[in-house]
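Numbering (UniProt numbering), first residue to last: 1 to 270.
The beta carbon of each residue, even a glycine, is placed where N, CA and C say it ideally should be.
The structure displayed is predicted, hence computed values, not measured ones.
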């Protein structure tokens, strides 16, 4: 789905004969595997805390169980030609710390690219009911689902950041990245758009949400003290909001890129 969002691209920056590529939070490992077809001579490493990647992969792809929040990475500084992250919301105590570590391990002149959705629902035409700010539930339950995840992430030990997409560009600039650019893509919640491409993306989005919603919800809501029956009752309303085609809702998908400056450009202390 996200390749369709980005017009079939795996990344946005210009890469010229990269030798070492890192994918942080690789998940299923599909991104490194597809990158290997574009750069068969590059070493492509995918890291994650969970060993869910396939065992049969192209010879230039390697998967490692690794924690990107550690102070010491496995590689030397100034090693990578390109570092990619995707879908890190709620996974880390400090995404800015990971950006800082990535900055150290990029070669001067090399790029980092972050792909991150912001799950907070947006709407441009007034068809989405407003969020309830008085402490009660909203008529559009997706508002509350996101807010409850934010609350649960803050209360976890250690606290984790659930909504990070809109902050990445500023963090990159503060760390010392240059040529920082941010692109926003719309991902419709369901098939409400008239545009054929957006309608197809919306169909994928709706299917993903409905398939994964329970799995995404149980751990954070149980941590808030909810019972399983309470969670399921609430998720009925969330599913209704996801499937409501009268509400023209979407989430924003952020693609943020930044370059580590060359020595001649100067490098601020981080």
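List the whole-angstrom C-beta distance separating residue i from residue j, where the pair is believed to meet the contact cut-off of C-beta under 8 Å.
{"i": "residue 119", "j": "residue 6", "result": "Between residue 6 and residue 119 the Cβ distance is about 18 Å, and since that is not below 8 Å, they are no contact."}
{"i": "residue 316", "j": "residue 113", "result": "What the structure shows of the chain is the stretch from 1 to 270, and residue 316 is not part of that stretch, so it cannot be assessed."}
{"i": "residue 44", "j": "residue 54", "result": "At roughly 14 Å, the Cβ-Cβ gap does not stay under 8 Å, so residue 44 and residue 54 are not in contact."}
{"i": "residue 65", "j": "residue 48", "result": "7 Å"}
{"i": "residue 263", "j": "residue 153", "result": "No, residue 263 and residue 153 are not in contact; Cβ-Cβ is about 38 Å, not under 8 Å."}
{"i": "residue 245", "j": "residue 192", "result": "5 Å"}
I need the straight-line Cα distance from residue i to residue j, nearest angstrom please.
{"i": "residue 248", "j": "residue 218", "result": "27 Å"}
{"i": "residue 107", "j": "residue 180", "result": "16 Å"}
{"i": "residue 161", "j": "residue 25", "result": "15 Å"}
{"i": "residue 131", "j": "residue 234", "result": "16 Å"}
{"i": "residue 51", "j": "residue 28", "result": "9 Å"}
{"i": "residue 8", "j": "residue 1", "result": "9 Å"}
{"i": "residue 260", "j": "residue 229", "result": "49 Å"}
{"i": "residue 182", "j": "residue 172", "result": "11 Å"}
{"i": "residue 287", "j": "residue 225", "result": "Residue 287 lies beyond the residue range present for the chain, which begins at 1 and ends at 270; the question has no answer from this structure."}
{"i": "residue 163", "j": "residue 150", "result": "7 Å"}
{"i": "residue 143", "j": "residue 42", "result": "42 Å"}
{"i": "residue 206", "j": "residue 87", "result": "17 Å"}
{"i": "residue 85", "j": "residue 125", "result": "32 Å"}
{"i": "residue 14", "j": "residue 254", "result": "18 Å"}
{"i": "residue 158", "j": "residue 170", "result": "23 Å"}
{"i": "residue 231", "j": "residue 211", "result": "16 Å"}
{"i": "residue 222", "j": "residue 184", "result": "33 Å"}
{"i": "residue 168", "j": "residue 95", "result": "8 Å"}
{"i": "residue 194", "j": "residue 122", "result": "17 Å"}
{"i": "residue 166", "j": "residue 16", "result": "28 Å"}
{"i": "residue 18", "j": "residue 111", "result": "11 Å"}
{"i": "residue 155", "j": "residue 97", "result": "19 Å"}
{"i": "residue 265", "j": "residue 91", "result": "33 Å"}
{"i": "residue 227", "j": "residue 148", "result": "14 Å"}
In its own chain, which residues sit with a C-beta less than 6 Å from the C-beta of residue i, not counting the 5 before and 5 after it?
{"i": "residue 270", "result": "Note on residue 270: pLDDT 48, under 50, position unreliable in the model; the coordinate value appears next. Around residue 270: 100, 175 and 176."}
{"i": "residue 146", "result": "119 and 120"}
{"i": "residue 128", "result": "140, 247 and 249"}
{"i": "residue 11", "result": "113"}
{"i": "residue 178", "result": "259 and 261"}
{"i": "residue 89", "result": "162 and 164"}
{"i": "residue 46", "result": "23, 26, 29, 32 and 63"}
From the DSSP output, in three-state form, read off residue i for me.
{"i": "residue 271", "result": "What is shown of the chain runs 1 to 270, which leaves residue 271 out entirely."}
{"i": "residue 170", "result": "helix"}
{"i": "residue 181", "result": "strand"}
{"i": "residue 252", "result": "strand"}
{"i": "residue 106", "result": "strand"}
{"i": "residue 218", "result": "helix"}
{"i": "residue 32", "result": "helix"}
{"i": "residue 1", "result": "coil"}
{"i": "residue 23", "result": "strand"}
{"i": "residue 95", "result": "helix"}
{"i": "residue 55", "result": "coil"}
{"i": "residue 136", "result": "coil"}
{"i": "residue 13", "result": "coil"}
{"i": "residue 279", "result": "With the chain represented from 1 up to 270, any question about residue 279 goes unanswered, as that position is not in the structure."}
{"i": "residue 131", "result": "coil"}
{"i": "residue 77", "result": "coil"}
{"i": "residue 69", "result": "coil"}
{"i": "residue 160", "result": "coil"}
{"i": "residue 262", "result": "coil"}
{"i": "residue 202", "result": "helix"}
{"i": "residue 6", "result": "coil"}
Tell me which residues share the same chain as residue i and place their Cβ nearer than 8 Å to its Cβ, disregarding the 5 neighbours each side in the sequence.
{"i": "residue 40", "result": "58 and 60"}
{"i": "residue 105", "result": "22, 73, 75, 76, 77, 78, 79, 80 and 83"}
{"i": "residue 4", "result": "197, 200, 201 and 204"}
{"i": "residue 134", "result": "none"}
{"i": "residue 37", "result": "58"}
{"i": "residue 213", "result": "235, 238, 239 and 242"}
{"i": "residue 93", "result": "69, 158, 159, 160 and 161"}
Excluding the 5 residues flanking residue i on each side, which residues of the same chain have their C-beta closer than 7 Å to its C-beta?
{"i": "residue 237", "result": "141"}
{"i": "residue 35", "result": "10, 21 and 44"}
Does the beta carbon of residue i come closer than 8 Å to any beta carbon on chain D?
{"i": "residue 167", "result": "Given the protein chain composition of this structure (a single chain), no chain D is represented."}
Open item on the list: For the stretch 95–102 against the stretch 68–80, do three or more pairs of beta-carbon atoms, one drawn from each stretch, fall closer than 8 Å, so that the two count as touching?
Closed with: yes
Open item on the list: Three or more C-beta pairs under 8 Å: does that hold for the stretch 132–146 against the stretch 239–246?
Closed with: yes
Open item on the list: Pairs of beta-carbons, one from the stretch 199–219 and one from the stretch 181–188, closer than 8 Å: are there three or more?
Closed with: yes
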